[in-house]
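**Student:**
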Amino acid sequence: NSKLIIAIDGPSGAGKSTLSRLLSQQLNYINIDTGAMYRAVALAASREGIDSEDCQGLEALCHRIEIHFQRENGHESVWLNGEDVSEAIRTPQMSLLTSKIAACAEVRQAMVRLQRQMGKAGGVVLEGRDIGSVVFPQAEVKFYLEASAQARGQRRYDELVAKGLEVDLQQTIHEVEARDAADSAREHAPLLRPEDAVAIDSTALTIDQVLEKMMVVVSQRL
Ligand code: C5P
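To convert, note that position 210 of the sequence shown is 211 in UniProt numbering; the numbers rise steadily by one, no gaps.
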């Protein structure tokens with residue numbers, strides 16, 4: 002049985018995290034949420050008072066922190082220096098800060114190196130913005146998951162409300178759009194759709210319908 006590398010890229014709120022988790026469970030693969038890695042760097046930077054523009058400071062930070070994932074009973078968590086930061090990295094403020102620090106080429110280099118180590122043996126689903134374009138251009142399967150800005154903002158809003166955060170729908174939609182615009186316009190590894198990626202628009206589809214479409218594509222490569 003071949004151990005594929007599966008890349009899922011796309012803007013925020015398109016369903017990447019959910020689908021990546023379900024797909025990896027179905028295939029018994031490792032799941033790597035690369036956004037969570039950039040978020041952990043952003044959290045560490047804000048705690049240490051390192052400015053998002055201070056790329057050298059951020060680079061040094063990347064080399065002294067330890068980030069890993071843990072999976073227990075189907076529950077996945079992100080750890081920073083031995084602390085479970087899964088919740089702390091998901092606030093709207095941290096999303097914004099993450100997008101800023103992720104524009105630094107040195108930060109990206111450090112994260113890409115880690116991601117390649119984690120994924121090189123295959124049997125892995127990675128989700129992010131530059132997986133199919135930069136991290137694993139040779140990935141056997143590439144998906145580009147998208148949805149309308151309205152749908153993506155609504156999903157992000159529902160997630161935050163479910164966590165008990167007080168947020169505004171219009172503002173959430175606006176923040177999602179602004180972050181995607183920044184991620185798409187940045188100089189290093191911008192969000193883009195690789196030519197060889199299978200594009201899926203999840204706006205009018207249920208999670209199960211997207212998963213089914215993905216499984217059809219994956220089955221052809223197994
Ligand atoms: O996917 P998520 O919303 O958690 O990602 C947070 C931010 O991390 C994105 O807005 C983007 O700026 C950055 N990111 C990135 N490259 C990746 C994954 C995430 O630049 N592969």
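Glycine included, C-beta positions come from ideal geometry on N, C-alpha and C.
Kindly indicate which residue of Leu5, Glu178, Leu223 and Leu206 has the alpha-carbon position closest to the one of serine 100.
**Tutor:** Locating residue 100 in the sequence shown gives position 99, where the first residue counts as 1. For the residues Leu5, Glu178, Leu223 and Leu206, the minimum Cα distance to serine 100 belongs to Glu178.
**Student:** Thinking C-alpha only, which one of Leu59, Thr173, Gly50 and Val217 is nearest alanine 106?
**Tutor:** In the sequence shown, residue 106 corresponds to position 105, counting from 1. That would be Leu59, whose Cα lies nearest to the Cα of alanine 106.
**Student:** Taking just the CA atoms, how far does arginine 194 sit from valine 162?
**Tutor:** Taking the sequence shown and counting its residues from 1, the one referred to as residue 162 is at position 161. Taking the sequence shown and counting its residues from 1, the one referred to as residue 194 is at position 193. Separation of valine 162 and arginine 194 (C-alpha to C-alpha, rounded to the nearest whole angstrom) is 30 Å.
**Student:** Is it true that the CB of alanine 104 sits closer than 8 Å to the CB of arginine 187?
**Tutor:** The residue you call residue 187 lines up with position 186 of the sequence shown. The residue you call residue 104 lines up with position 103 of the sequence shown. For arginine 187 and alanine 104, yes; Cβs fall inside 8 Å.
**Student:** Quick check: glycine 75 and isoleucine 208, are their CB atoms within less than 8 Å of each other?
**Tutor:** Counting from 1 along the sequence shown, the entry for residue 75 is found at position 74. Counting from 1 along the sequence shown, the entry for residue 208 is found at position 207. Cβ atoms of glycine 75 and isoleucine 208: not closer than 8 Å.
**Student:** Buried or exposed: which applies to lysine 143, given that a residue is buried once 16 or more other Cβ atoms fall within 10 Å of its Cβ?
**Tutor:** Taking the sequence shown and counting its residues from 1, one reaches residue 143 at position 142. Lysine 143 should be labelled buried.
**Student:** To test your reading of the DSSP string, which unbroken beta strand (DSSP E) runs of 3 or more residues are found completely within the region 162-203?
**Tutor:** 199-202
**Student:** Determine, using beta-carbon pairs with one atom in the region 124-139 and one in the region 21-38, whether at least three such pairs fall under 8 Å.
**Tutor:** In this structure the region 124-139 touches the region 21-38; the number of beta carbon pairs closer than 8 Å is three or more.
**Student:** Leaving out five residues on either side along the sequence, give the residues of the same chain with a beta carbon under 8 Å from the beta carbon of arginine 117.
**Tutor:** As a position in the sequence shown, residue 117 is number 116, starting the count at 1. Result list for arginine 117: Val136 and Phe137, in chain order.
**Student:** Per the contact definition of three or more C-beta pairs closer than 8 Å, is the region 147-156 in contact with the region 195-204?
**Tutor:** Because the criterion of three Cβ pairs below 8 Å is met, the region 195-204 and the region 147-156 touch.
**Student:** Which residue wins for smallest C-alpha separation from valine 191, given the options Ile132, Arg48, Val168 and Arg114?
**Tutor:** The count along the sequence shown starts at 1 and reaches residue 191 at position 190. Note that residue 191 corresponds to proline in the displayed sequence, not to valine. For the residues Ile132, Arg48, Val168 and Arg114, the minimum Cα distance to proline 191 belongs to Ile132.
**Student:** Cβ of residue 243 within 7 Å of any heavy atom in ligand 1?
**Tutor:** The question about residue 243 has no answer here: the residues shown for the chain are numbered 2 through 223.
**Student:** Classify serine 3 as buried or exposed, calling it buried when 16 or more other Cβ atoms lie within 10 Å of its own Cβ.
**Tutor:** In the sequence shown, residue 3 corresponds to position 2, counting from 1. Serine 3 comes out exposed.
**Student:** Buried or exposed for glycine 36, going by 16 or more other Cβ atoms inside 10 Å?
**Tutor:** The count along the sequence shown starts at 1 and reaches residue 36 at position 35. It counts as buried.
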